[in-house]
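All remarks here apply to the structure that follows.
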Amino acid sequence: MKEWFDGLIAKITGKKAEPKNQLITTVATAYEINLVPEVKAQMIRAQKMRNLVLYICIMVSVISVSVVLVLFGIKSGQDIAIGSQDKRLGELSAKLMGYEELGDLVTIQNQLSRLGAIAENKTVLSRVFGALGIMLSQGEDFVKLSELRVDLENYTLRMEGQTDARVAPLIDYRVLEAFKKSAALTKYDYGRYVDVNDKEIPTWCMHESDENGNAYRVGDSYYAWWDLTSEGCGALPLGEMVPEGSNIEFFYNDKSEVEVAEVEMSYEDLTAAGITVEVDDEGNVKLSDEKVEIRDVDGETKYYRTAVARVKVWRTPQFTAWNNGGLMELDGAISGIEHFESDCTRYSGQMVSGQATAKWTSTNECYLAPDGLTVTDSSNGRDESDNLVLKFTATMKVEPAFFAFQNKHMIAIGPMGQNVTDSYVQIGNMFTQEARECDENDTECLTNSTNTGGNTQNGN
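In C-alpha cells form, the structure reads like this:
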C-alpha cells in the first residue's frame, strides 16, 4: 500500500520514487560522451552556412534598395532642376528673339573656333593710301583726289579728282596720262624678316619707318630696325650661349650693325640672364656680370646694363658685301645673316668676265593693278582757288593679296623704285576740295585754252 502511495506522489510531483534497497550509486566525473552522430553535426554546419548566406543576401538587398532610392532621388532632383532651367531658357530665348536688332547683334556662329580663319580673311584698308602715295604726282604737277571709294568685295577703287599741269608742257591731260602709266607700273612686295637661323622674327619686333612715316633707307637700299627690347624680341649674337632659364630664341650675326642703350634690369631679369647676386658680410652687393652697374636711386637698389637695343636688318640685300662674305649665293640664297625673305622679289647674280664682282638683277612680277587705271570721265573745271583744272573719274582693280592682313611687311613700289610701307603714310596732300564744273558763261573754262597764270592745257 505504501509503495502504491509513494508511486502516486511521485507521479504528482514528477519525482521518481527511489526503489528500496538500491545498492548502485552514481558518481559525477569530468568526462562527457558526445552521443550526436556525424550526420547531425554536418546538418548543423549546413544550417549555419544557410543562415549566413541568407543574412548576406538580405544585407545586399537592403543596400541595393537604398542605392536605388538615393539615385532615384538624385535623378528626380536633376529632372526638376533641368525642367526649371529649360523653362528659364525658353523665357530668355523668347525675350531674345523679340529684339528687332538681333540680326545686327549676331554675326557668326562658332566665333572662337573661327578666329584663325577670320584673321586670314582680314583686310588692311589703310594700305590703299600707301599705294596712292606712290602713284599720285606730288611735284609741281599734281593729281589730287576729292573722293575715294574702296570696294573690298571686288577689290576696286573708284576715285574722283583733278589734275593741274604746272611744268611745261602745260597740259593737264598729260598729268592724267602720267598717273595712268604710274598706276599700271606700280608693284608691291611683302614677306618676312628672319634671323641667322631662318627663324621668323615677330612682326611687332620690326620697325620699317620712323615716327614721320619715312622708310629707313640708305641710297636705294631699304632696311628695318629689329627692336630687341620688346617682349618676345630678345636675341643674342650667333655663337653666344643662352643663359640658363632665359627664353631667348633668336640670334643675329655678330658683325651686324647694332645700337646699344642703357637698360634697367629687375632682379628677375638678372636671374633670367644667369647673373648671380652675392652679398658679403659688410652688406656690399656683387654681381657675376661686371657689365651690370648697381645704383642707389631714391634709397632703392637699381640694376643697369648697357646692351644691344636694336639690330639693323636689310630689306634690300647688300649684294657685293654678302656675296664676298659667303652670305649670299649667285642664285639669291641668303644664309648666316638676318635678312628679309620676299614673296615677290627674286635676286640673281652673274659673274662678268674681267670684273671681280657679280652683276645682280632683281625680278618682281607682283603688279598692284595689272589692268591699270581706267578713266571713265573727264571734263574741264576750276579748283577752290579758281584755277583751271581737269576733272576726272576713274576706277582701278587692285590685287587682293595687297590688302590681305596675313601678308606682312607690305610695301608699294613705284615705277622709279620708290616705296611706301604700310606702317604709316602722310595722306594730307592727296586730297582736296572737289573742283566745280565750268559755268555757262565761263568761256575760258569751256574752251580750255589757257589756265589762270598763263598755264595752257588741252581739254579731255
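Going by numbering that gives the first Met the number 0, the letters in the sequence shown line up with residues 0 to 459, in that order.
Note that CB positions come from ideal geometry on N, CA and C, so glycine has one too.
With DSSP collapsed to three states, give me the class of residue i.
{"i": "residue 258", "result": "strand"}
{"i": "residue 306", "result": "strand"}
{"i": "residue 373", "result": "strand"}
{"i": "residue 283", "result": "coil"}
{"i": "residue 141", "result": "strand"}
{"i": "residue 264", "result": "strand"}
{"i": "residue 73", "result": "helix"}
{"i": "residue 54", "result": "helix"}
{"i": "residue 200", "result": "coil"}
{"i": "residue 89", "result": "helix"}
{"i": "residue 401", "result": "helix"}
{"i": "residue 49", "result": "helix"}
{"i": "residue 150", "result": "strand"}
{"i": "residue 270", "result": "helix"}
{"i": "residue 67", "result": "helix"}
{"i": "residue 59", "result": "helix"}
{"i": "residue 179", "result": "helix"}
{"i": "residue 439", "result": "coil"}
Going by DSSP, what residues sit across from residue i in a beta bridge?
{"i": "residue 470", "result": "Here the chain has residues from 0 to 459 only, and residue 470 is not among them."}
{"i": "residue 278", "result": "284"}
{"i": "residue 174", "result": "Paired residues: none, contrary to the question."}
{"i": "residue 235", "result": "250"}
{"i": "residue 359", "result": "348"}
{"i": "residue 214", "result": "208"}
{"i": "residue 333", "result": "327"}
{"i": "residue 379", "result": "389"}
{"i": "residue 460", "result": "Any property of residue 460 remains undetermined from this structure, which presents the chain solely from 0 to 459."}
{"i": "residue 300", "result": "295"}
{"i": "residue 312", "result": "223"}
Along the chain, where does the alpha helix (DSSP H) containing residue i start, and where does it finish?
{"i": "residue 322", "result": "318-323"}
{"i": "residue 445", "result": "442-446"}
{"i": "residue 134", "result": "126-134"}
Do residue j and residue i come within 9 Å of each other at the CB atom, strictly closer than that value?
{"i": "residue 347", "j": "residue 326", "result": "no"}
{"i": "residue 155", "j": "residue 397", "result": "yes"}
{"i": "residue 135", "j": "residue 144", "result": "yes"}
{"i": "residue 185", "j": "residue 391", "result": "no"}
{"i": "residue 306", "j": "residue 276", "result": "no"}
{"i": "residue 234", "j": "residue 251", "result": "yes"}
{"i": "residue 336", "j": "residue 188", "result": "no"}
{"i": "residue 434", "j": "residue 388", "result": "yes"}
{"i": "residue 217", "j": "residue 255", "result": "no"}
{"i": "residue 133", "j": "residue 181", "result": "yes"}
{"i": "residue 157", "j": "residue 147", "result": "yes"}
{"i": "residue 372", "j": "residue 249", "result": "no"}
{"i": "residue 339", "j": "residue 164", "result": "no"}
{"i": "residue 121", "j": "residue 401", "result": "no"}
{"i": "residue 314", "j": "residue 207", "result": "yes"}
Got a sec, what are the start and stop residues for the beta strand (DSSP E) residue i sits in?
{"i": "residue 155", "result": "155-163"}
{"i": "residue 292", "result": "291-296"}
{"i": "residue 394", "result": "387-396"}
{"i": "residue 220", "result": "220-226"}
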